[in-house]
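**Q** One structure is given below, represented as structure tokens, and several questions about it will come after.
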Amino acid sequence: MRKKKRAWFATAICAAAAALICAPLLMIPGGSLMDSAEMRRILAPILGEGSGFAVWHLIPLYPTIGHFYRLLIESPAFYRLFWNTVGMTAAILLGQLVVGLPSAWAFATFRFRGRDFLFGLYVVLMLLPFQVMLLPQYIVLQKLQMYNHPAAVVLPAIFSTFPVFIMYRGFTQIDGEILEAARLDGAGEWQIFLQIGLPLGKMGIQAAIVLSFLEYWNLVEQPMAFLEEQAMWPLSLYLPQIDISQAGFAFAVAVMVLIPALFVFALGQDALEEGIAYIGVKQ
Amino acid sequence: MMRGRKRKMLLCVAAITAVMCAALFGCGSKEEEIPMGRYADREVKLPPGTFSYMHSCPDGGYYLYGADANLTYVDAQGESREKNWSWENNANIRVKYEVGGSDSGAAVFSYTPKFWVDKEMEALWISGDTCYLYCYVDEAGKNYALEPHGEGYQKGTNLNIFAFSPEGDLYAASENHVYRINVESGETDSLFATSGQVKSIVFADGVMLAADREKAYFYDMAAGKLTDGSSALDEFIKNHSTGGLVMAVSDKDIQGKVMDGEAADTSDTDSADDTGNAQILYMACRTGVYRYIWGGSVIEQIADGQMTALGDTQREPIALQALDNGEFRVMFSGNTMVEMYYDETLPARPSRELTVYSLEEIGWIRYAGQLFQKEHPDVLVRYETGMDGDNAVSKEDALKNLNTRLLAGDVPDVIVMDNMDIEQYADKGVLKELDGILQPYLDDGILYRNIVEGMRMTDKEKVYSVPMMVYLPLWLGEEMYLDGEESLDAIVAGMELARQKHPEGPILYTLYPKDVLQQTMPVCLPAWTGEDGSLDVEKLTAYYRAVSRMWEIDCAGFDDAGREAWQKNNMEYYEPTDRNMADISFCYQYNAQQNFGETWLQLGFLMTPQVGMTGIHVEKANMAADWQPKELDDVVTYGTYAGQADNVYWAKTIVGLCEQGKETELAEEFFKLLLSDEMMRKWWLDKPRNQSGLTIRKDSLGDILDIDNIEFGQVMGFKDPTGINYPDFWPTEEEKQWLYQMMEDADCCYRPGTMLEECAMETGIRVLNGELTPEEGAGEVERKMAIAMEE
Amino acid sequence: MFLLPGFTGVMLFYLFPFFEVVRRSFVKSGNNAFVGTDNYRTVFTNSAFLLAVRNTLLYMAVGVPLLMGISLMLSLLLRGLALRRKLVSAMLLPMAVPAAVMVLTLQILIDRQGVVNGVLTKVSEQITALPAFAAIDYLNTEWALAVVVCSFLWKNTGYMVILWLAGLSALPKEVEEAAQVDGANRWQSWHYIIRPGLSGSFFTIGMLSVLQIFKSYREVWMVAGSYPQEHIYFLQHLLQNWYLKLEFDRMAALTVILSLVLLCVCLLLQKRLEAG
């Protein structure tokens, strides 16, 4: 009984926190349906065109689907960019799993000389601001003749050390004795990795995928720097500049960016858990 | 064992490193021979009139139609004759829209009427839908009303594309359907649905091909059904329909002119071995001309858009004709047409590339690129812009990308430095000194020396970039407000005076605080930085004080509600998004529709030679017309003004050359082309209303202002025999001399987009809003500038 | 063998570029002349650099512990709740919002004439007991850092909750349950069981918080520009402004310094937290 009460209490707090976090986002759907004149009127003070304070109508007074019409019907580019984003994100996530999982596993389970240093290096490379890496990466990509090609964004992202770092954490929590026992039983390293490592590190993997997804779904700087041709751009670059007169349109784009993300959250989490469990069983 | 393993690992790492190094740094390049022969183009002189549609006839002639022009037939030899259509006799046409023509000269067009006969249609019209009526004109030029009806056609559905088959049947397309219409009875069959608006319809071998922006539909006219499409063609259409895609069918093959593998979109080998008499579909779009053999799966490129007029992003192709001699005619929006012909003497690919960069698209530069390419057939001019369109790329992002290229050694040859920190780039050795190239121009007095001199910078005191055009400050108002004395204080004093005389309403045309800043900052900003680049805080404080006073005076004429009402009235004409001062304009932009009579003093910039100068008169007339009493007309006058800096000019299209560019000689030639009389003058003859600025070439400026320049006079309407367009307003000799003198005097360069300006603007708005005192504002700017200087 | 494929790519896309940065930190950008440690000297004697370091450290000192604390509390509460997944997804939402739109909402809210000030003014007018409220210009006064930290927390809480939950899930449940049966109170079970079990996660999440601090730059820049109020002038502003001024040599030197510091911190923390 007491436990139940406590659970309710915890739920309430967390729900309050979640509500607080989501509250500003409530502006988005309303804004996407608000017509430009209304938007301009209520935001006039911010535009420097009026005294008093800006207000916000969560539900527009004169709702319009004009922005969505413009986005979904009048701009064929939208779909192209949308699928670009989907394609890029999918390729990156897949690549990161293929490349990053073994690396993370190696860091977590093998003791070799220079491991700590190398791992530290990975962390530092992860932390380096992109602004600094922009120039040298550009040089490398150009030498590889990948500049202005989707690979210029996808490949460096695949080898990002970020997912390694997160999945590593998941793997270190595996009890070393289990692995030893498996080795004694004559299991190969890959077998151990697939059969024991993957299922046990699944929370880490899941976290890595979710976080990577969030990062690459809204990737801005890399495509802007490495893709010249707008036809290859992801959706995140389609947003107009922060320009309040276009706010309604920007909000409409945001809605279209958010919906797939919600889908991924909703569907992805279960599917992922099952999938990882399945791989483990099959081997 | 451990050791062996380790060594293996080390070896592996070493091997990978070596391979990567080789891949990265050992890039061997092969020189290859460039084959000869490619398509080039020439402009076709169209008969008088404005045309928006072309129908090509199998004999090589074509029909031209336009909403305001009569049907004109041009035969294969280029002789034109006007067909006497009775369009104009139809009194009930308000606006004509789309046209479709046949080989015989019959045509169908859509229009909106002046009055509606059909009540049902009128109801639709009133509800806000634009719906068309249709008219069929037979070969003899006789008009018949065409009323589409039938199963599958809903009344009021707009038909936007019309095409006559070689047999003379009319096909038409709405937003999502294709129909066949009997021109006599109006009976309409719905043939098939499409996913979007069909853009072009062509016929071959009893098959109609209709293409929207995503797919090509093949319709067998005899069997009356859709046949298999071509996925290759669909793919092509999807990728190439941006900026217009036009089609034409011909049974004449132009084998051998296919561009070689790499340039073509697809290079499968099953190309035209057994084309025989097969029909060939030609398609033209921004990237070039392509051919597709009917029923095949290969699309080959035959002409490169970048090398021809097709690559021009300013216009869109609207019709294509494939001629028997292997040439093409392309009709463009904007009433232009080119013929593309195969020239054996030109190299198939340009062997050299000249890269021109600017932050934002500048029409004049693109125009120069095309001209340059014509003069140098072996050169491809790549014009790249850092930020275009409506996307998330900001100026900083664009500059970051440019700097990446510069640092990586991938340097453009010519940079247009508008909105960039020229001094920085000159200092870092990116820009080349232009003194040598400019010397002859200055010695011969071709350019305004003072304007070039105003661009000297860095410790070396050299010229690194030159504005091709300038704007000059100009005020308009009652003489007494601003007579002769030029300073910021004089403007304030003038406003005080005006306020005394006219206690109500605005004095300046300023809706918001930032307008006052925009109108005064260009003539003050150059005075704020000292020799060493440090900020003169006292001057900035004085500036903030003066503009605060100006805003106060301006606001004193209203109560809050009155001001808001005035702002609301003007909202329509006012661009709220522009925060970077790029678009202050003057006479021409603010035209008679505006409520200008309420302003007593206008500050702005003279942006175009003729329109601006004549605009002064138009504007004077407007101001006077709204003023009470009317006699003020004589008092309205104009002049240049100064703030804290004197003789300011606003530099536009500032061109610099790159020290590290790959084609330095070509770059120099391009630069000279920009400075040529042709470039400086022709542009205004083509586009007299654009606001590129006053040319820095003396003779060109004189030519543009010469009303005897017949071509120009026609374009402008000043020599129109009907005399509708204010011939009286053409600048007098005296006025021209005044302008030339102003050009001679301008020696203080104002360049928009500097960090100081952005900073002073942002803070200035807060000062005018009363959030900060002028002293605090100047202090804040000083602190930010200190950080910037220290960096 | 597990590491090799990943390492190859890392080498190509990160290590090589990093070496290039190191090389460029010793030459003058423009003419590539070797200048020794001149660039480092310029960086260290630069007052803009000192200001940026101070601000960045302050931002981290406030932002990282707050973020870690709040998200850890939330995830401890969330653990085992039925609605866990939905709530976490909701908390993650701000991450999925494109930066441009996030900035837009922020502007609408915190502009001097924005919604927040509007609401506060209304409230203070309604309740006479409260002193009159004067609109605050959040981005141009000392409030700027607070705004930045708040938006940082807003955006990243969900992110860190996910990571904490991943860490918590790996703790053996039996031990904790056994402890509860033995009558351990919540504090004891936190102190003796959960906290030691999470020590590795502390390292990971701490590092990622720092990463997110660095990544939050674009939003700060979009709201406040290249030269913001002096309390929110961070290292990244300096880096970006240098880049815009073509001073890559200084940037490179700064990066090398930064990476050395980060590497040391990272190795130290790793040793301590993983051992403990």
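Protein chains in written order, with this note's numbering: chain A, 646 to 928; chain B, 80 to 870; chain C, 855 to 1130.
We treat Cβ as the ideally placed atom computed from N, Cα and C, and that holds for glycine.
Being a predicted model, the structure only gives us computed values, none of them experimental.
Grab the span of the beta strand (DSSP E) containing G180 of chain B for me, first residue to last.
**A** Within the second sequence, the letter at position 101 stands for residue 180 of chain B. 172-180 is the span of the beta strand (DSSP E), which, as asked, contains G180 of chain B.
**Q** Applying the 10 Å Cβ sphere with the 16-neighbour rule, what's the burial state of C1118 of chain C?
**A** Here the question's residue 1118 of chain C lines up with position 264 in the third sequence. Counting Cβ neighbours within 10 Å, C1118 of chain C comes out exposed, since fewer than 16 surround it.
**Q** At a Cβ threshold of 8 Å, is A892 of chain A touching chain B?
**A** What you label residue 892 of chain A is simply residue 247 of the first sequence in a count that begins at 1. For A892 of chain A, the answer is no, since every Cβ of chain B falls outside 8 Å of its Cβ.
**Q** Taking C-alpha atoms, which residue in C:D965, C:M945, C:M1076, C:V897 lies nearest to A660 of chain A?
**A** The count along the first sequence starts at 1 and reaches residue 660 of chain A at position 15. With distances taken between Cα atoms, A660 of chain A lies closest to C:M945.
**Q** Tell me which residues of the segment 1077-1102 of chain C have at least one Cβ-Cβ distance to chain B shorter than 8 Å, keeping chain order.
**A** G1079, S1080, Y1081, E1084, Y1087, L1092, Q1094, N1095, W1096, Y1097, L1098, K1099, L1100, E1101, F1102
**Q** Helix, strand or coil: how does DSSP classify D638 of chain B here?
**A** In the second sequence, residue 638 of chain B corresponds to position 559, counting from 1. DSSP places D638 of chain B in coil when its eight states are reduced to three.
**Q** Assuming the contact rule is C-beta atoms closer than 8 Å, S901 of chain C and E869 of chain B should be a hit. Round their C-beta distance to whole Å, please.
**A** If you number the third sequence from 1, residue 901 of chain C lands on position 47. If you number the second sequence from 1, residue 869 of chain B lands on position 790. Yes, they are in contact, since the Cβ atoms of S901 of chain C and E869 of chain B sit about 5 Å apart, within 8 Å.
**Q** For I730 of chain B and chain A, any beta-carbon pair shorter than 8 Å?
**A** Stepping through the second sequence from its first residue, residue 730 of chain B is reached at position 651. The sequence given here places Ala at residue 730 of chain B; Ile does not occur at that position. Using a Cβ-Cβ cut-off of 8 Å, A730 of chain B does not count as an interface residue toward chain A, since no Cβ of chain A sits closer than that to its own.
**Q** May I ask you to list, following chain order, the residues of the segment 854-867 of chain B that have a beta carbon less than 9 Å from some beta carbon of chain C?
**A** Only E859, R862, K863, M864, A865, I866, A867 from the segment 854-867 of chain B bring a Cβ to less than 9 Å from some Cβ of chain C.
**Q** State the DSSP-derived secondary structure class of P905 of chain A, mapped to helix, strand or coil.
**A** Translated into positions along the first sequence, residue 905 of chain A becomes position 260. Secondary structure at P905 of chain A: helix, using DSSP grouped into helix, strand and coil.
**Q** Measure the C-alpha to C-alpha separation of F764 of chain A and F752 of chain A and round it to an integer number of angstroms.
**A** For this step, residue 764 of chain A is matched to residue 119 along the first sequence. For this step, residue 752 of chain A is matched to residue 107 along the first sequence. So the two alpha carbons sit approximately 7 Å from each other.
**Q** Select from the segment 797-809 of chain A all residues with a C-beta closer than 8 Å to any C-beta belonging to chain B, and list them in chain order.
**A** none
**Q** Could you pull out every residue in the same chain whose Cβ sits closer than 6 Å to the Cβ of V490 of chain B, ignoring the five residues on either side in sequence?
**A** Here residue 490 of chain B is taken as the residue at index 411 of the second sequence, counted from 1. If we look at V490 of chain B and ignore the five residues flanking it on each side, its Cβ neighbours are C737, Q739, G740.
**Q** For C603 of chain B, does the three-state DSSP call read helix, strand or coil?
**A** Indexing the second sequence from 1 puts residue 603 of chain B at position 524. DSSP places C603 of chain B in coil when its eight states are reduced to three.
**Q** Identify the continuous alpha helix (DSSP H) that holds N793 of chain A and give its terminal residues.
**A** For the purposes of this step, residue 793 of chain A is taken as the residue at position 148 of the first sequence. Where N793 of chain A is concerned, there is no enclosing alpha helix (DSSP H), because DSSP gives it neither an H nor an E.
**Q** Could you tell me the boundaries of the beta strand (DSSP E) in which L433 of chain B lies?
**A** Against the second sequence, residue 433 of chain B aligns to sequence position 354. Per DSSP, L433 of chain B belongs to the beta strand (DSSP E) from 431-437.
**Q** Using 8 Å as the threshold, is the C-beta distance between T841 of chain B and D991 of chain C below it?
**A** Here residue 841 of chain B refers to the residue found at position 762 when the second sequence is read from its first residue. Here residue 991 of chain C refers to the residue found at position 137 when the third sequence is read from its first residue. Looking at the sequence shown, residue 841 of chain B is not Thr but Glu. No, Cβ-Cβ distance for E841 of chain B and D991 of chain C is not below 8 Å.
**Q** Under 8 Å, with one C-beta from each stretch per pair, do the segment 967-975 of chain C and the segment 1052-1061 of chain C reach the 3-pair mark?
**A** no
**Q** Excluding the 5 residues preceding and the 5 following L450 of chain B in the sequence, name in chain order all residues of the same chain whose CB lies nearer than 8 Å to its CB.
**A** On the second sequence, position 371 is the one that residue 450 of chain B refers to. Correct list, in chain order: L752, E757, M758.
**Q** Going along chain C in order, which residues have a C-beta closer than 9 Å to the C-beta of L835 of chain B?
**A** As a first step, residue 835 of chain B is located in the second sequence; it is residue number 756 there, counting from the start. Contact annotation for L835 of chain B against chain C: no contact, minimum CB-CB distance about 10 Å [criterion: below 9 Å].
**Q** Mapping the DSSP letters down to three states, classify H1085 of chain C as helix, strand or coil.
**A** Here residue 1085 of chain C corresponds to residue number 231 of the third sequence, with the count starting at 1. Helix at H1085 of chain C.
**Q** Which of helix, strand or coil does DSSP assign to M949 of chain C?
**A** Numbered from its first residue, the third sequence carries residue 949 of chain C at position 95. Note: M949 of chain C maps to helix in three-state DSSP.
**Q** Got a sec, what are the start and stop residues for the alpha helix (DSSP H) K539 of chain B sits in?
**A** In the second sequence, the residue the question calls residue 539 of chain B occupies position 460. Neither: K539 of chain B is in no alpha helix (DSSP H) and is coded neither H nor E.
**Q** Candidates B:C827, B:L614, B:V458, B:P688: which alpha carbon is nearest F749 of chain B's?
**A** Here the question's residue 749 of chain B lines up with position 670 in the second sequence. Minimum Cα distance to F749 of chain B is reached at B:V458.
**Q** Name the chain C residues that come within less than 8 Å of F910 of chain A, Cβ to Cβ?
**A** By one-based count along the first sequence, residue 910 of chain A stands at place 265. Those are S943, L946, listed as they occur along chain C.
**Q** Please decide whether L780 of chain A counts as near chain B, where near means a Cβ-Cβ distance under 8 Å.
**A** For the purposes of this step, residue 780 of chain A is identified with residue 135 of the first sequence, where counting begins at 1. For L780 of chain A, the answer is yes, since a Cβ of chain B falls inside 8 Å of its Cβ.
**Q** Which residues does DSSP list as the beta-bridge partners of E874 of chain C?
**A** Within the third sequence, residue 874 of chain C is the residue found at index 20, counting from 1. None; E874 of chain C has no bridge partner.
**Q** Could you check if I704 of chain A is buried or exposed, using at least 16 other CB atoms within 10 Å of its CB as the buried criterion?
**A** Here residue 704 of chain A is taken as the residue at index 59 of the first sequence, counted from 1. Classification for I704 of chain A: exposed.
**Q** Using the Cα positions of I1048 of chain C and L847 of chain B, report the straight-line distance between them to the nearest angstrom.
**A** To locate residue 1048 of chain C, count along the third sequence from 1; it is residue 194. To locate residue 847 of chain B, count along the second sequence from 1; it is residue 768. Looking at the two C-alpha atoms, the distance is approximately 58 Å.
**Q** What does N255 of chain B touch in chain A if you count any residue whose Cβ is under 7 Å from its own?
**A** For the purposes of this step, residue 255 of chain B is taken as the residue at position 176 of the second sequence. Under the 7 Å cutoff, chain A gives no residues; its nearest Cβ is about 12 Å from N255 of chain B.
**Q** Give the straight-line distance between the Cα atoms of N793 of chain A and L818 of chain B, rounded to the nearest whole angstrom.
**A** Counting from 1 along the first sequence, the entry for residue 793 of chain A is found at position 148. Counting from 1 along the second sequence, the entry for residue 818 of chain B is found at position 739. Cα to Cα, N793 of chain A sits roughly 48 Å from L818 of chain B.
**Q** With distances taken from CA atoms, which of C:W1018, C:I924, C:T910 is nearest V1074 of chain C?
**A** Locating residue 1074 of chain C in the third sequence gives position 220, where the first residue counts as 1. Closest by alpha carbon: C:T910.
**Q** Taking just the CA atoms, how far does L402 of chain B sit from A382 of chain B?
**A** In the second sequence, residue 382 of chain B corresponds to position 303, counting from 1. In the second sequence, residue 402 of chain B corresponds to position 323, counting from 1. C-alpha separation (whole angstroms): 15 Å.
**Q** Alpha carbon to alpha carbon, how far is V1077 of chain C from I1086 of chain C? Give it in angstroms, no decimals.
**A** The count along the third sequence starts at 1 and reaches residue 1086 of chain C at position 232. The count along the third sequence starts at 1 and reaches residue 1077 of chain C at position 223. Taking the straight line from one Cα to the other gives about 11 Å.
**Q** Using a Cβ distance threshold of 8 Å, determine whether the segment 710-718 of chain A contacts the segment 895-902 of chain A, with at least three qualifying pairs required.
**A** yes
**Q** Look at V178 of chain B and Y132 of chain B and say whether their C-beta atoms are less than 8 Å apart.
**A** In the second sequence, counting from the first residue as 1, residue 178 of chain B sits at position 99. In the second sequence, counting from the first residue as 1, residue 132 of chain B sits at position 53. In this structure, Y132 of chain B lies closer than 8 Å to V178 of chain B by Cβ.
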